[in-house]
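Everything below concerns the one structure shown next.
Residue numbers (this note's numbering), protein chains in the order written: chain G, 2 to 112; chain V, 808 to 947.
Here it is as structure tokens:
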């Protein structure tokens with residue numbers, strides 16, 4: 002399933018990167034060391050952290066997309082860094098929980 | 808491989824926004840060289856944790872990475888405060904990071920546990936008041 006396929010369902014807009022990325026699996030969490038060891042390549046990573054360190058962790062773990070919950074925004078510097086490293090970032094007003102329930106209903110057994 | 812690949816980095820301890828840059832650089836190099844993704848993942852996680860530790864606790868330091876036919880060795884040296892109780896520092900969830908650091912998403916207390924989990928060898932050489940040298944190896 003592609004990132005593009007779930008954008009509308011979770012009310013997300015593409016901040017930067019490639020919505021054509023295929024994803025598989027989801028990780029939710031804000032503590033960077035946890036995310037660092039738990040986000041798998043190709044996952045969707047849902048977080049409310051928006052500093053440049055999120056971009057570093059994403060660069061090291063290769064998620065298909067980082068989903069910023071609760072309308073959290075990346076700054077210009079962070080967006081530039083994400084672009085530079087080919088990181089796909091989405092932003093949505095939904096909470097992490099709401100994102101997950103919607104992902105469950107649209108993806109069913111696909112992820 | 809005739810000669811081991813070596814990388815050296817100076818880790819800036821004053822700039823949180825560039826924390827992790829050395830790990831990202833090593834990851835890119837290893838990927839260019841087509842190393843196994845699982846090996847790259849281990850090296851990335853372990854080195855990132857060490858790099859972040861140096862920025863949070865030790866005002867920076869140096870990182871040296873050496874790639875041989877058998878293993879990847881990461882040596883992180885700092886002149887920080889040292890670690891008074893390594894056993895405590897190794898405990899998952901234990902952290903001395905301040906609130907301003909935690910607000911950035913650090914301070915999970917998973918630094919050393921992650922370094923141990925994702926490497927085949929971990930040695931911590933520390934003297935309180937003088938500094939810490941962390942040596943890690945990932946076998947190829």
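Built from N, CA and C at the ideal position, the CB exists for glycine as well.
Residues 847 of the same chain have their beta carbon placed closer than 6 Å to that of residue 837/V, with the five preceding and five following residues left out of the count. In this structure residue 91/G is buried. Its beta-carbon is surrounded by 16 or more other beta-carbon atoms within 10 angstroms.
The C-alpha of residue 817/V lies about 6 Å from the C-alpha of residue 870/V. Uninterrupted beta strand (DSSP E) stretches at least 3 residues long and entirely within the stretch 865 to 926 of chain V occur at 867 to 874, 878 to 885, given in chain order. In the structure shown, the three-state DSSP call for residue 842/V is coil. Restricted to the stretch 37 to 112 of chain G, the beta strand (DSSP E) segments that are unbroken, complete and at least 3 residues in length are 45 to 48, 66 to 69, 90 to 92, listed in chain order. In this structure, the straight-line span from the alpha carbon of residue 18/G to that of residue 77/G is close to 14 Å. Counting along the chain, the unbroken beta strand (DSSP E) around residue 17/G starts and ends at 14 to 17.
The continuous alpha helix (DSSP H) containing residue 7/G extends over residues 4 to 8. By alpha-carbon distance to residue 31/G, the top candidate from 89/G, 71/G, 5/G is 71/G. Around residue 56/G, the same chain offers 79, 82, 83, 86, 88 as residues with beta carbons nearer than 7 Å, after the five sequence neighbours per side are excluded. Assignment of residue 856/V by DSSP, reduced to helix, strand and coil, places it in the helix class.
Contact residues of the stretch 894 to 915 of chain V toward chain G are 911, 912, 913, 915 (C-beta to C-beta distance below 7 Å).
Taking 7 Å as the CB threshold, residue 820/V stays off the interface with chain G. For residue 20/G, no CB of chain V lies under 7 Å from its own CB, so it is not counted at the interface with that chain.
7 Å or more divides the Cβ of residue 872/V from the Cβ of residue 934/V. Across the structure, residue 822/V and residue 60/G are spaced so that their CA atoms are roughly 18 Å apart. Here the C-alpha atom of residue 853/V lies approximately 23 Å from the C-alpha atom of residue 907/V. Annotation: the continuous beta strand (DSSP E) that includes residue 812/V extends over 812 to 819. Just so you know, the alpha carbons of residue 40/G and residue 25/G end up roughly 11 Å apart.
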